[in-house]
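Numbering (this note's numbering), first residue to last: 264 to 394.
Below is one structure, written out as structure tokens; comments come after it.
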């Protein structure tokens, strides 16, 4: 435990969040459409992670052009080693930060690709093991 953490208990949601954010293809944790996904702790909030006795929900934003399904599976595998409950991963957004198109024709191609990739969250919002 670091000096900054002295005097406060580390919650499972914080451990999960740190592990997920360490995955290079994960741009950030995602709070859901209305910011409803998160864990409230004394004096702080962990956005995008909810861990309870029955399940663990992790909502993420993925860097474009990463494989959305592959990133979700990697997140699930990492988190499954940390918790003893089923892990549900939802990809809530794609991030194009740091990936600017070189010309306007690329911009049109990029936009259509992002639109196609974002439909994965409509088809399989909670990718589970075995599916």
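By construction, the Cβ of each residue, glycine as well, lies at the ideal position given by its N, Cα and C atoms.
Since this is a predicted model, take the numbers as computed values, not measurements.
Excluding its 5 nearest sequence neighbours in each direction, residue 326 has C-beta neighbours in its own chain below 7 Å: 288, 290, 358, listed in chain order.
In the three-state reduction of the DSSP assignment, residue 284 falls in the helix class. Where residue 312 is concerned, the enclosing beta strand (DSSP E) starts and stops at 312-314.
The segment 302-311 makes no contact with the segment 336-346: fewer than 3 CB pairs, one atom from each, lie closer than 8 Å.
Bounds of the beta strand (DSSP E) holding residue 321 are 319-326.
Residue 324 holds the alpha-carbon nearest to the alpha-carbon of residue 354 among 324, 310, 298.
Within the model, the alpha-carbon separation for residue 330 versus residue 352 is close to 14 Å. Take the alpha-carbon of residue 284 and the one of residue 356: they are about 15 Å apart. Residue pairing by DSSP puts residue 357 in a beta bridge opposite 325. A distance below 7 Å between beta-carbons, with the five flanking residues on each side excluded, links residue 350 to the following residues of its chain, in chain order: 319, 321, 339, 342, 343. Residue 360 sits exposed, since fewer than 16 C-beta atoms from the chains shown fall within 10 Å of its C-beta.
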